[in-house]
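Take a look at the structure below.
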Amino acid sequence: MSNTQQRVSEYVGMMFIVIAVLLFDEHLPWPGLFSLLPVLGACLMLLAGRQNSVLAANWLNQHLGLASYSLYLWHWPIVVWLNFAGLNTDIQWVMAGLLSCFILAFLSYHWIENPFRIRFGCWPRNKQYLALAVLLLLVLAIPLWDIISRGANYTWRPGASSPAAQYMDRYSRGNYLTETLRRQYKTECSFYDDVTHSVRTEISPACTTQFNPQKAGIFLWGDSHAQALSFGIQKYLADGVNFYQVATSGCQPHIGPDDVTQGKFAIACDRANAFALEKIKALKPELVILAQQGQHDKNNYDAIIEHLKNIGVRQIILMGPVPQWQPSLPRAIAYRHLAASDKSIVDSSLDRQVIAADQAMTQRYALAQPGFMYISVIARLCNTRDDGLHCLAKVADNTPLVWDYGHLTPEGADFIVQELLRSNKRLSGFLK
30 MSNTQQRVSE YVGMMFIVIA VLLFDEHLPW PGLFSLLPVL GACLMLLAGR QNSVLAANWL
90 NQHLGLASYS LYLWHWPIVV WLNFAGLNTD IQWVMAGLLS CFILAFLSYH WIENPFRIRF
150 GCWPRNKQYL ALAVLLLLVL AIPLWDIISR GANYTWRPGA SSPAAQYMDR YSRGNYLTET
210 LRRQYKTECS FYDDVTHSVR TEISPACTTQ FNPQKAGIFL WGDSHAQALS FGIQKYLADG
270 VNFYQVATSG CQPHIGPDDV TQGKFAIACD RANAFALEKI KALKPELVIL AQQGQHDKNN
330 YDAIIEHLKN IGVRQIILMG PVPQWQPSLP RAIAYRHLAA SDKSIVDSSL DRQVIAADQA
390 MTQRYALAQP GFMYISVIAR LCNTRDDGLH CLAKVADNTP LVWDYGHLTP EGADFIVQEL
450 LRSNKRLSGF LK
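Our numbering puts the first residue of the sequence shown at 30, with every later residue one more than the last.
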């Protein structure tokens, strides 16, 4: 490879890596085709192999490369600790954690990794093979033991039997998302089957069956967060009122093809949205309730509202997002608020992007529109005090409003409908 080819290979590789750093975010499907970009960039830089490169052969990058494995190992426990402590969104703690990663990485490289590598290289070949075999057996045995023991959740382990651990275990997806909860969510009305991870060609006919032609109907349209709200609406549904639901996991309401999701979800979303619009036009419900996880401000709701009005919908309600937490509300409660008597909490794990999106939507629809209303759930559940933004986290004793990052528990859905929707004049004829 000529010097010019080496330069081109290096610069193109670096460009690919920089693009990934600057443009990739949490909304990008990962792993996926996009993950090839930084990998290809690294391959091109290695292929260039320029020993006198300003980009790759400078003192800083060389030492970062030498300690890269130690850096990789140390960053995980620090990231996990920041998550457990609810400090993963605090920029000062994140910077302190980043600095700690580098310090610990260089110390472990110079005092552990490098000395061990040198000494290991001096061992006889048979001893090296034996040591590698023992390490391999440990690597296989530890996760196998963890699987057999279901997470090593023994009572003699203090951490496993603590109230916080038991609380977390109760609201883990594997334990909490039971068939009973799926029935309450009416997951049979989703075009994406999250059990088999497949796309359905059709949903249950009961989801859009008109049982009482003489009564008005409510049509719930949205994603899995609409599913979670469904339980509360059904519980307080007025006698004889028809209830329809098309709510598919990961699918925002859209007019036309879905441009947010990819793969199987995109197929499911296109089917769900086309079917929902078809049924709304045919059934002519008096009220359509729209709900999605977040990013309401990035969805074209003006076009959706106009389209629904054009096909005869008299009342439209857009539900704002509920307060959401990263990585989850049960974790925040378990480790920091389990003994607190106040049902509202202030915690750094509160997702501020959701708060900002709700504020943007509240401003956009501040003026009343005929036949349409935006309901800000966050405005009713959160309030600013001296020590920060407090948001409702518990609805009964220590029962969380949401059981993960943002899906309502049945108790949470009950609370939202009872406290926010039943008192709404536009819903007075639909809910009891």
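In this text, a Cβ means the ideal position worked out from N, Cα and C, and glycines have one as well.
Since the model is a prediction, treat every value here as computed from it, not as a measurement.
N87 by DSSP, collapsed to three states: which one?
Secondary structure of N87 (DSSP, three-state): coil.
What span of residues does the beta strand (DSSP E) with A320 cover, start to end?
Unbroken beta strand (DSSP E) run through A320: 316-320.
When you measure from the CB of V168 to every non-hydrogen atom of the ligand FAD, does any distance come out below 7 Å?
The ligand content of the structure shown is nil, which means the ligand FAD is not present either.
State the start and end residues of the unbroken alpha helix (DSSP H) segment that holds F459.
Careful: F459 lies outside any alpha helix (DSSP H) and carries neither H nor E.
Please tell me whether D326 and W354 are closer than 8 Å, where the distance is taken between their beta carbons.
Between D326 and W354, the CB-CB gap reaches or exceeds 8 Å.
Limits of the beta strand (DSSP E) - the one that G349 falls within
No beta strand (DSSP E) holds G349; DSSP gives it neither H nor E.
With a cut-off of 8 Å, do at least 3 Cβ pairs link the region 248-263 to the region 318-333?
Yes: at least three Cβ pairs fall under 8 Å.
My understanding is that P67 touches I46, with C-beta atoms under 8 Å, so please give their C-beta distance in whole angstroms.
Their Cβ separation, rounded to whole angstroms, is 5 Å, which keeps P67 and I46 in contact under 8 Å.
Limits of the beta strand (DSSP E) - the one that W250 falls within
Its beta strand (DSSP E) spans residues 246-251.
Output the boundary residues of the beta strand (DSSP E) element that contains N412.
From DSSP, the beta strand (DSSP E) with N412 extends over 411-414.
Residues near L116 by beta carbon distance below 7 Å, same chain, minus five either side
Once the five neighbours on either side are set aside, the close Cβ partners of L116 are W122, S377.
Please look up how many angstroms separate the CB atoms of L258 and L437, rounded, as I've assumed it's under 8 Å.
With a Cβ gap of about 6 Å, L258 and L437 count as contacting.
If you draw a straight line from the C-alpha of E217 to the C-alpha of Q34, how long is it?
Roughly 57 Å separates the two Cα atoms.
Helix, strand or coil: how does DSSP classify A301 here?
DSSP, reduced to helix, strand and coil, places A301 within a helical segment of the structure shown.
I need the boundaries of the alpha helix (DSSP H) containing Q388, first residue and last residue.
It spans 381-393 - the alpha helix (DSSP H) in which Q388 sits, taken as one unbroken run.
Helix, strand or coil: how does DSSP classify C151 here?
Collapsing the DSSP output to three states places C151 in a helix.
Whole-angstrom distance between K215 and Q256, CA atom to CA atom:
Rounded to whole angstroms, the separation of the alpha carbons of K215 and Q256 is 7 Å.
Go through the region 170-236 residue by residue and report every complete run of the alpha helix (DSSP H) that reaches 4 residues or more, in order.
At a cut-off of 4 residues, the continuous stretches assigned as alpha helix (DSSP H) that sit fully inside the region 170-236 are 187-190, 192-199, 202-205, 208-214.
Looking at the secondary structure, which residues open and close the alpha helix (DSSP H) in which Y40 lies?
Element bounds for Y40: 32-52.
Please name the residue in P352, S219, Q398, R451 whose C-alpha comes closest to that of H419.
Taking only the C-alpha atoms, the option nearest H419 is P352.
I need the DSSP call for H139, collapsed to helix, strand or coil.
Here H139 carries a helix assignment [DSSP, helix/strand/coil].
Touching or not, the region 357-374 and the region 423-432, by the rule of three or more beta carbon pairs under 8 Å?
At 8 Å Cβ cutoff, the stretches touch.
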